[in-house]
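Residue numbers are given in UniProt numbering: position 91 of the sequence shown equals residue 91, and the series is strictly consecutive. Even for Gly, the Cβ is constructed at its ideal location relative to N, Cα and C. What follows is a short report on a single structure.
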Amino acid sequence: MSGQRRVTELRAAISLVSSAAADLRWGDQPEVRVLPDGRLWLTDLQLSVSAADVYQAARGLVAAQLLGITEETGRPLAEVVGPWLVSLQTNEALLDLDLTQPADAARDDAA
Numbered sequence: 001m002s003g004q005r006r007v008t009e010l011r012a013a014i015s016l017v018s019s020a021a022a023d024l025r026w027g028d029q030p031e032v033r034v035l036p037d038g039r040l041w042l043t044d045l046q047l048s049v050s051a052a053d054v055y056q057a058a059r060g061l062v063a064a065q066l067l068g069i070t071e072e073t074g075r076p077l078a079e080v081v082g083p084w085l086v087s088l089q090t091n092e093a094l095l096d097l098d099l100t101q102p103a104d105a106a107r108d109d110a111a
């Protein structure tokens, strides 16, 4: 990975953390706009980033959090990631059920 790409990913990570903190009422919400070519314009940093930059930045942030949790708790990574993934997958499945249920109910009523 080039040094410039890493700098761009770090800047995207800064914007992600700033936005998340603002969502939790700490700091100002930075403005983010979608450019015509699909890149994101991070107004606070005066920088455009690709979806890949944002994805890699988010991966790095999550990895750092996972590492921090394993170091603080002394638990192996599998014990931290496993339950988290199960929770996310369960929530996704339940949401999918909620989204498909009204259509199924309407179809049953029509029959």
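Report the start-end ranges of each alpha helix (DSSP H) in the segment 51-94 that is 4 residues or longer and not cut off at the edges.
51-73
Return the chain-ordered ranges of every beta strand (DSSP E) run that is complete within the segment 15-45 and spans a minimum of 3 residues.
32-34 and 40-42
If I measure Cβ to Cβ from Val81 and keep anything under 7 Å in the same chain, skipping five residues before and after, which residues do I get?
Leu66
I want to see whether chain B comes within less than 7 Å of Val34, judged by CB atoms only; does it?
Of the protein chains in this structure there is only one, and it is not chain B.
If you draw a straight line from the alpha carbon of Glu79 to that of Ile69, how long is it in whole angstroms?
10 Å
For Ser48, the first and last residue of its enclosing beta strand (DSSP E):
Leu47 to Val49
Anticipated Cβ contact below 8 Å, Leu42 with Pro30, distance rounded
7 Å
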